[in-house]
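Below is one structure, written out as structure tokens; comments come after it.
There are 2 protein chains.
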Amino acid sequence: MIPTPYLLFLGDAPDQLAAKVAQGIKDWRPENAVGQFRLPGCGADVGIDDLTLQEAWDAGARTVVIGVANRGGIISQSWKDVLIEALGMGFDLASGLHNLLRDENDLVAAARVAGQTLHDVRIPSVAYPIANGLKRTGKRCLAVGTDCSAGKMYTGLAMDGEMRKRGMKSTFRPTGQTGILITGGGVPLDAVVADFMAGAVEYLTPDNDEDHWDHIEGQGSLFHASYSGVTMALVHGGQPDALVLAHEPTRTHMRGLPTYSLPTLEALRDLSLQVARVVNPDVKVIGISVNTQHLSEDEANACLKEIEDRMGLPTVDPFRHGADRLVDALVAL
Amino acid sequence: MIPTPYLLFLGDAPDQLAAKVAQGIKDWRPENAVGQFRLPGCGADVGIDDLTLQEAWDAGARTVVIGVANRGGIISQSWKDVLIEALGMGFDLASGLHNLLRDENDLVAAARVAGQTLHDVRIPSVAYPIANGLKRTGKRCLAVGTDCSAGKMYTGLAMDGEMRKRGMKSTFRPTGQTGILITGGGVPLDAVVADFMAGAVEYLTPDNDEDHWDHIEGQGSLFHASYSGVTMALVHGGQPDALVLAHEPTRTHMRGLPTYSLPTLEALRDLSLQVARVVNPDVKVIGISVNTQHLSEDEANACLKEIEDRMGLPTVDPFRHGADRLVDALVAL
Chain R
1 MIPTPYLLFL
11 GDAPDQLAAK
21 VAQGIKDWRP
31 ENAVGQFRLP
41 GCGADVGIDD
51 LTLQEAWDAG
61 ARTVVIGVAN
71 RGGIISQSWK
81 DVLIEALGMG
91 FDLASGLHNL
101 LRDENDLVAA
111 ARVAGQTLHD
121 VRIPSVAYPI
131 ANGLKRTGKR
141 CLAVGTDCSA
151 GKMYTGLAMD
161 GEMRKRGMKS
171 TFRPTGQTGI
181 LITGGGVPLD
191 AVVADFMAGA
201 VEYLTPDNDE
211 DHWDHIEGQG
221 SLFHASYSGV
231 TMALVHGGQP
241 DALVLAHEPT
251 RTHMRGLPTY
261 SLPTLEALRD
271 LSLQVARVVN
281 PDVKVIGISV
291 NTQHLSEDEA
301 NACLKEIEDR
311 MGLPTVDPFR
321 HGADRLVDAL
331 VAL
Chain X
1 MIPTPYLLFL
11 GDAPDQLAAK
21 VAQGIKDWRP
31 ENAVGQFRLP
41 GCGADVGIDD
51 LTLQEAWDAG
61 ARTVVIGVAN
71 RGGIISQSWK
81 DVLIEALGMG
91 FDLASGLHNL
101 LRDENDLVAA
111 ARVAGQTLHD
121 VRIPSVAYPI
131 ANGLKRTGKR
141 CLAVGTDCSA
151 GKMYTGLAMD
161 GEMRKRGMKS
171 TFRPTGQTGI
181 LITGGGVPLD
191 AVVADFMAGA
201 VEYLTPDNDE
211 DHWDHIEGQG
221 SLFHASYSGV
231 TMALVHGGQP
241 DALVLAHEPT
251 RTHMRGLPTY
261 SLPTLEALRD
271 LSLQVARVVN
281 PDVKVIGISV
291 NTQHLSEDEA
301 NACLKEIEDR
311 MGLPTVDPFR
321 HGADRLVDAL
331 VAL
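Chains R and X supply the protein sequences, listed in that same order.
The UniProt record's numbering puts the first residue of the first sequence at 1, with every later residue one more than the last.
The UniProt record's numbering puts the first residue of the second sequence at 1, with every later residue one more than the last.
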């Protein structure tokens with residue numbers, strides 16, 4: 001686990017989009033974000049206090065999280081000056097960048113001297129077991145998509161947020177680097193060695209109270225030729241009791257695969273249930289989450305209604321309208 | 001690729017079973033095996049000439065393959081004496097052992113001095129791409145199983161052998177360490193990082209002549225909770241034109257999963273086709289391969305007939321009766 005709370009390092013992010021990891025932390029775990037740190041020329045602002053390292057430390061922050069994509073894959077000297085100073089003060093560093101903190105000799109040396117840890121969340125830090133397929137106590141919900149990047153992480157976070165608001169027992173279980181940085185822990189599933197994928201998901205979602213729900217972050221799609229194996233391991237390792245279908249209605253082809261069209265929601269429902277029943281015969285599809293960001297309010301409402309009428313399942317955009325109805329459907333299980 | 005042909009190192013194998021990798025090489029690629037090397041007390045014999053290192057070198061061998069499981073996971077000093085001498089003579093070493101050659105400092109040093117290579121075939125040696133899902137030229141056949149260890153590698157090797165015998169264009173494409181050692185190359189799929197699994201299979205089965213068949217070694221099972229993600233990546237990365245269903249009829253539960261029963265061959269057929277159609281709408285199931293090693297001749301024949309009548313597909317045990325009928329079915333496609 002990454003020590004919380006965080007100071008969010010935005011560096012010299014060119015624009016708001018480059019700071020989406022920091023924005024995700026601030027949106028979903030504001031209690032984890034005591035402030036932001038920006039360098040001259042930074043074009044991003046996640047809307048929290050600008051703090052110096054010392055102010056952040058005094059406010060309780062214990063990790064500096066790199067909440068930004070870096071330019072050209074290089075950790076620049078201007079970043080390093082701040083990061084090395086932070087290590088010396090007793091902060092850990094955490095990053096989801098492709099180029100790893102641990103590959104930077106000066107950061108490694110500074111961390112060693114200070115006795116601090118560099119958390120590269122793209123890299124597994126645990127030797128995961130082979131999955132044993134045994135039934136676990138507690139309940140699990142997984143979002144499966146017609147495609148990658150269809151809103152699965154957002155759906156899980158929104159359902160978890162709604163359940164916590166209602167005082168229910170709920171945990172979001174990240175399987176990608178953004179989710180791991182938001183919550184402070186998880187499994188970077190796309191970087192796990194093939195034989196241990198399902199075991200890593202079992203490890204992530206252990207026995208729990210019978211009325212506790214894990215919201216497992218979905219990845220890829222059973223219909224995505226590049227990543228379907230990762231999704232399969234999520235379904236079989238996760239043993240979901242409930243599935244949510246995630247969809248982005250304006251996509252014209254599978255992400256990164258211009259020659260592949262998207263499956264229908266009906267095909268997604270049928271294949272997901274068929275596969276999930278191998279590990280849990282009682283699994284149900286409880287609702288549909290549609291990412292309507294590219295639609296107007298009217299278009300979005302029409303789209304949601306059409307899908308709800310057709311599929312006979314609660315259909316919402318949790319970003320636009322909240323996850324209440326999805327949580328209601330979980331409760332009704 | 002591992003330089004061929006090989007000298008098969010049996011060491012002090014306690015019995016024949018411990019030498020099954022060497023036996024596989026001798027059975028499937030006898031032209032790759034110029035001889036065997038046994039230490040005092042060796043209880044295995046794959047039925048080829050015992051050669052000294054010098055005799056093997058003179059006969060053309062260029063790699064010493066560790067064709068045996070070692071005891072207690074340790075590469076003993078008696079093995080090392082031979083292996084270091086071999087490196088000094090100009091042999092490469094190849095191994096599928098869990099404990100790696102590259103982790104033995106004395107072997108690494110000897111290889112460096114001699115300018116030879118240590119091939120640990122359990123570890124990927126290539127940075128595989130992300131799968132692009134593009135249609136490739138040539139034909140591909142994949143065996144999918146009701147369970148792990150149901151005879152999928154044997155089926156692929158037998159079909160490849162039969163096609164070569166008929167003068168057809170055919171290549172066996174290994175995805176596990178035994179297969180890689182048999183042929184000298186392949187992808188150790190269970191050790192590939194999740195995101196690159198399907199891309200590794202695409203890499204393994206590139207464009208080819210239109211009348212060429214790749215026989216892709218199957219792994220795991222779509223119904224195996226521990227390894228289904230690996231199988232999924234094989235199906236989507238492999239883009240099979242033909243599927244063979246592999247089954248071991250005496251299995252009482254999924255291998256390693258005592259709480260899971262096996263799927264029916266009907267369920268395997270239906271799910272495999274559904275999943276494979278994502279990447280190739282024209283995929284067909286062309287036959288069934290049954291591993292009848294635990295049945296008498298009468299029992300085996302009855303079992304094969306029952307399955308063939310029920311499923312309406314050519315059903316054989318390729319070990320007992322050859323792969324002719326499976327290849328006939330491929331040709332008829």
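For glycine and all other residues, C-beta sits at the position ideal for the given N, C-alpha and C.
Alpha carbon of residue i to alpha carbon of residue j, nearest angstrom
{"i": "G60 (chain R)", "j": "A94 (chain R)", "result": "16 angstroms"}
{"i": "H247 (chain X)", "j": "S221 (chain R)", "result": "28 angstroms"}
{"i": "A300 (chain X)", "j": "A150 (chain X)", "result": "15 angstroms"}
{"i": "T205 (chain R)", "j": "H212 (chain X)", "result": "45 angstroms"}
{"i": "V331 (chain R)", "j": "L295 (chain X)", "result": "51 angstroms"}
{"i": "W57 (chain X)", "j": "T259 (chain R)", "result": "51 angstroms"}
{"i": "V65 (chain R)", "j": "L7 (chain R)", "result": "6 angstroms"}
{"i": "V34 (chain R)", "j": "P5 (chain R)", "result": "7 angstroms"}
{"i": "G115 (chain R)", "j": "V82 (chain R)", "result": "17 angstroms"}
{"i": "N99 (chain R)", "j": "I75 (chain R)", "result": "8 angstroms"}
{"i": "D120 (chain R)", "j": "M1 (chain R)", "result": "11 angstroms"}
{"i": "C42 (chain X)", "j": "D15 (chain X)", "result": "7 angstroms"}
{"i": "L10 (chain R)", "j": "A86 (chain R)", "result": "14 angstroms"}
{"i": "W28 (chain R)", "j": "L101 (chain R)", "result": "25 angstroms"}
{"i": "L134 (chain R)", "j": "Q274 (chain R)", "result": "19 angstroms"}
{"i": "M153 (chain R)", "j": "L97 (chain R)", "result": "18 angstroms"}
CB contact check: residue i to chain X, cutoff 7 angstroms
{"i": "H236 (chain R)", "result": "yes"}
{"i": "S228 (chain R)", "result": "yes"}
{"i": "G133 (chain R)", "result": "yes"}
{"i": "L257 (chain R)", "result": "yes"}
{"i": "residue 392 (chain R)", "result": "No statement about residue 392 (chain R) is possible, as the shown extent of chain R runs from 1 to 333 and does not include it."}
{"i": "residue 348 (chain R)", "result": "Outside the displayed span of chain R (1 to 333) sits residue 348 (chain R), for which this structure offers no information."}
{"i": "A111 (chain R)", "result": "no"}
{"i": "M311 (chain R)", "result": "no"}
{"i": "A150 (chain R)", "result": "no"}
{"i": "A233 (chain R)", "result": "yes"}
{"i": "I130 (chain R)", "result": "yes"}
Contact check, residue i vs residue j, beta carbons under 7 angstroms
{"i": "A191 (chain R)", "j": "R277 (chain R)", "result": "no"}
{"i": "M159 (chain X)", "j": "L326 (chain X)", "result": "yes"}
{"i": "A194 (chain X)", "j": "M197 (chain R)", "result": "yes"}
{"i": "V68 (chain X)", "j": "A110 (chain X)", "result": "no"}
{"i": "V244 (chain R)", "j": "T155 (chain R)", "result": "yes"}
{"i": "N208 (chain R)", "j": "G138 (chain R)", "result": "yes"}
{"i": "I48 (chain X)", "j": "Q36 (chain X)", "result": "yes"}
{"i": "Y227 (chain R)", "j": "Y128 (chain R)", "result": "no"}
{"i": "C141 (chain X)", "j": "H236 (chain X)", "result": "no"}
{"i": "V279 (chain R)", "j": "Q239 (chain R)", "result": "yes"}
{"i": "D92 (chain X)", "j": "T63 (chain X)", "result": "yes"}
{"i": "G287 (chain X)", "j": "L313 (chain X)", "result": "yes"}
{"i": "V290 (chain R)", "j": "L304 (chain R)", "result": "yes"}
{"i": "P263 (chain X)", "j": "T146 (chain X)", "result": "yes"}
{"i": "A233 (chain X)", "j": "G229 (chain R)", "result": "yes"}
{"i": "F172 (chain X)", "j": "L157 (chain X)", "result": "yes"}
{"i": "G185 (chain X)", "j": "E217 (chain X)", "result": "no"}
Cutoff 7 angstroms: residue i Cβ touching any chain R Cβ
{"i": "F223 (chain X)", "result": "yes"}
{"i": "Y260 (chain X)", "result": "yes"}
{"i": "M153 (chain X)", "result": "no"}
Paired residues, beta bridge with residue i - DSSP
{"i": "V316 (chain R)", "result": "R:S289"}
{"i": "F37 (chain X)", "result": "X:F9"}
{"i": "F172 (chain R)", "result": "R:H215"}
{"i": "R140 (chain X)", "result": "X:D214"}
{"i": "K284 (chain X)", "result": "X:A242"}
Cβ-based contacts, 8 angstroms cut-off: residues of the stretch 184-200 of chain X near chain R: With the criterion set as a beta carbon lying under 8 angstroms from some beta carbon of chain R, the members of the stretch 184-200 of chain X are L189, D190, A191, V192, V193, A194, D195, M197, A198, G199, in sequence order.
When you check each C-beta in the stretch 261-278 of chain X against every C-beta of chain R, which residues fall closer than 7 angstroms? Answer set for the stretch 261-278 of chain X: L271, Q274, V278.
Output needed in chain order: residues of the stretch 32-49 of chain X with a Cβ under 9 angstroms from some Cβ in chain R. Result list empty, no residue passes.
Please identify, using Cβ separations under 9 angstroms, the residues of the stretch 276-308 of chain R that lie next to chain X, in order along the chain. Going along the stretch 276-308 of chain R in chain order, one finds V278, V279 with a Cβ nearer than 9 angstroms to chain X.
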